[in-house]
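*Asks:* Before I ask anything, here is the structure I am working with.
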Amino acid sequence: MPDRFARLALAGNLRKNHGMRFSAFLLTLLGAFAFTGSAQEKTERHLILLIGQSNMAGRAKLEAEDKKPIKGAFLWHIGEKKWGPALAPFNLHSPSRKEVSMQRLNCGPSFVRAYLEANPGVEVGVVCAARGGSSVEQWKKKGKDKFQLYKHAIEAAKAAKANGGEFKAILWHQGESNSGDISDYAKKLTELIENLRSDLEQPEVPFVYSQLGQWRPEYGDFNKLIVTLPEKIPHTACVTTEDLTAMDKAHFDTKSQRELGRRYFSTLQPLLKK
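Numbering of the sequence shown is given in our numbering, commencing with residue 236 and proceeding in unit increments.
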């Protein structure tokens, strides 16, 4: 016990005699320790690519919880080619997006939260490059569409990957623009998946997509078609939109976007275990 008091007294004298110099030394020592620790413990980064049309761009109303960045997650700022906080709207940095005012809540935030909860200790990096109103034809590799959706998305994904990490999934929501003619949709989507996997050099990266909103009868044939595709395309899965609700004729409301994100993750989980 006397030794302990002696040490405390010595520390007190040092603080008294040296004041700010002692504090500066202590902070420097702690900072050096923290830097060494962080360098030795590199966090694993899991990357997710979000692409598609307006429901993936996000049209639902943002709420108070969306004003706070998601801890443990990062959003790729495509134009600046750097990571920033994971803050909604996720599609704000898409080079293919429509007006800034149209970018709102998508399924991304709730998906990321579910992913982090199930994978403690990892970081999630999100690349979001969607465009409202786009058809599957506009996502064709080397297509002649003026927006160059595939080119922008794959370039952004590669740049993010070059900063560290592997893609754990591609999340796709698209089909409203193709629901009137689904005769060759499966073929075109298969081609898109193959090109993405090839260009990312990850031939088995999971590709998860969603049905359209079930509140419109004209989406019925499309929704019946896409639930059959996982039988034909390896490492893919389809998210059900049963019981989800709309904010207008085409778009999921806030509550449903949050639920959709959770469903995307639960649908992805079995593919991650293979």
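Every residue gets a Cβ at the ideal spot worked out from N, C-alpha and C, and that includes glycine.
Could you give the distance in angstroms between the alpha-carbon of Pro330 and the alpha-carbon of Ala388?
*Replies:* Spanning the two alpha carbons is a distance of roughly 9 angstroms.
*Asks:* Could you check the C-alpha separation between Gln373 and Gly343 for me, to the nearest Å?
*Replies:* Looking at the two C-alpha atoms, the distance is approximately 22 angstroms.
*Asks:* With a cut-off of 8 angstroms on the beta carbons, I'd call Gln446 and Ile461 a contact; round off their distance for me.
*Replies:* Contact holds; Cβ gap of about 6 angstroms.
*Asks:* Helix, strand or coil: how does DSSP classify Trp374 here?
*Replies:* Trp374 falls in the helix class under three-state DSSP.
*Asks:* What does the Cβ neighbour count give for Pro355, buried or exposed, with the cut at 16 atoms within 10 Å?
*Replies:* It is exposed - the Cβ of Pro355 has fewer than 16 other Cβ atoms within 10 Å.
*Asks:* Would you identify the three-state DSSP class for Pro287, choosing helix, strand or coil?
*Replies:* Before going further, note that residue 287 is Gly rather than Pro in the sequence given. Of the three classes helix, strand and coil, the one that applies to Gly287 here is strand, per DSSP.
*Asks:* When the Cα of Ala391 is compared with those of His312, Asp416, Lys302, which residue comes out closest?
*Replies:* Comparing Cα-Cα distances from Ala391 to each of His312, Asp416, Lys302, the minimum goes to His312.
*Asks:* Indicate whether the contact test is met: 3 or more Cβ pairs, each with one atom in the stretch 334-350 and one in the stretch 285-299, closer than 8 angstroms.
*Replies:* The stretch 334-350 is in contact with the stretch 285-299.
*Asks:* Using CA coordinates, which residue listed in Val371, Ile286, Tyr454, Tyr385 is at the minimum distance from Lys484?
*Replies:* Checked all of Val371, Ile286, Tyr454, Tyr385; the closest Cα to Lys484 is Tyr454.
*Asks:* Decide if Asp301 is buried, meaning its Cβ has at least 16 other Cβ atoms within 10 Å, or exposed.
*Replies:* By the 10 Å Cβ count, Asp301 comes out buried.
*Asks:* What would DSSP say about Ile405, mapped onto helix, strand or coil?
*Replies:* Strand at Ile405.
*Asks:* If you compare alpha carbons, which of Pro320, Asp416, Leu431, Ser418 is closest to Glu358?
*Replies:* It is Pro320 whose Cα lies nearest to the Cα of Glu358.
*Asks:* Excluding five sequence neighbours on each side, which residues of the same chain lie with their C-beta closer than 8 angstroms to the C-beta of Glu298?
*Replies:* For Glu298, where only same-chain residues beyond five positions count, the Cβ hits under 8 angstroms are Leu340, Thr489.
*Asks:* Terminal residues of the continuous beta strand (DSSP E) containing Gly360?
*Replies:* Gly360 -> beta strand (DSSP E) spans 357-363.
*Asks:* Between Leu285 and Ala395, is the Cβ-Cβ spacing less than 8 angstroms?
*Replies:* The answer is no: Cβ separation not under 8 angstroms.
*Asks:* Go ahead and pull the three-state DSSP assignment for His387.
*Replies:* His387 falls in the helix class under three-state DSSP.
*Asks:* Give me the Cα-Cα distance between Val371 and Glu411, rounded to the nearest whole angstrom.
*Replies:* Distance between the alpha carbons of Val371 and Glu411 is about 10 angstroms.
*Asks:* Since I believe Asn326 is in contact with Cys363 (beta carbons under 8 angstroms), could you give me their beta-carbon distance rounded to a whole number of angstroms?
*Replies:* Rounded, the Cβ-Cβ distance is 5 angstroms, consistent with contact.
*Asks:* Quick check on the DSSP output: the beta strand (DSSP E) that includes Ser445 runs from which residue to which?
*Replies:* Ser445 -> beta strand (DSSP E) spans 442-445.
*Asks:* Since Val347 and Ala404 should fall inside the 8 angstroms C-beta cutoff, what is the C-beta to C-beta distance between them, to a whole number of angstroms?
*Replies:* Their Cβ separation, rounded to whole angstroms, is 11 angstroms, which puts Val347 and Ala404 out of contact at 8 angstroms.
*Asks:* Using the DSSP secondary-structure output, state which residues sit across from Pro320 in a beta bridge.
*Replies:* DSSP output for Pro320 lists Phe309 as bridge partner(s).
*Asks:* Run through DSSP, which three-state label would Arg451 get?
*Replies:* The answer is coil: DSSP assigns Arg451 none of H, G, I, E or B.
*Asks:* Where do the ends of the beta strand (DSSP E) carrying Thr471 lie?
*Replies:* From DSSP, the beta strand (DSSP E) with Thr471 extends over 471-474.
*Asks:* Does DSSP put His510 in a helix, a strand or coil?
*Replies:* Because the chain here runs from 236 to 509, residue 510 falls outside it and cannot be looked at.
*Asks:* Taking all protein chains shown into account, decide if Val335 is buried (16 or more other Cβ within 10 angstroms of its Cβ) or exposed.
*Replies:* With fewer than 16 Cβ atoms within 10 Å of its Cβ, Val335 is classed as exposed.
*Asks:* Apart from the five residues on each side of it in sequence, which residues of its chain come closer than 7 angstroms, Cβ to Cβ, to Leu322?
*Replies:* Answer for Leu322: Pro304, Leu310, listed in chain order.
*Asks:* Within this structure, are the beta carbons of Ser369 and Gln409 separated by less than 8 angstroms?
*Replies:* Taking 8 angstroms as the Cβ cut-off, Ser369 and Gln409 qualify as a contacting pair.
*Asks:* Starting from the C-beta of Ala349, find all residues in its chain whose C-beta is less than 6 angstroms away, skip the five residues before and the five after it, and write them out in chain order.
*Replies:* Within the same chain, Ala349 has close Cβ partners Arg497, Phe500.
*Asks:* Using the Cβ count rule (16 or more neighbours within 10 Å means buried), how would you classify Thr471?
*Replies:* Counting Cβ neighbours within 10 Å, Thr471 comes out buried, since at least 16 surround it.
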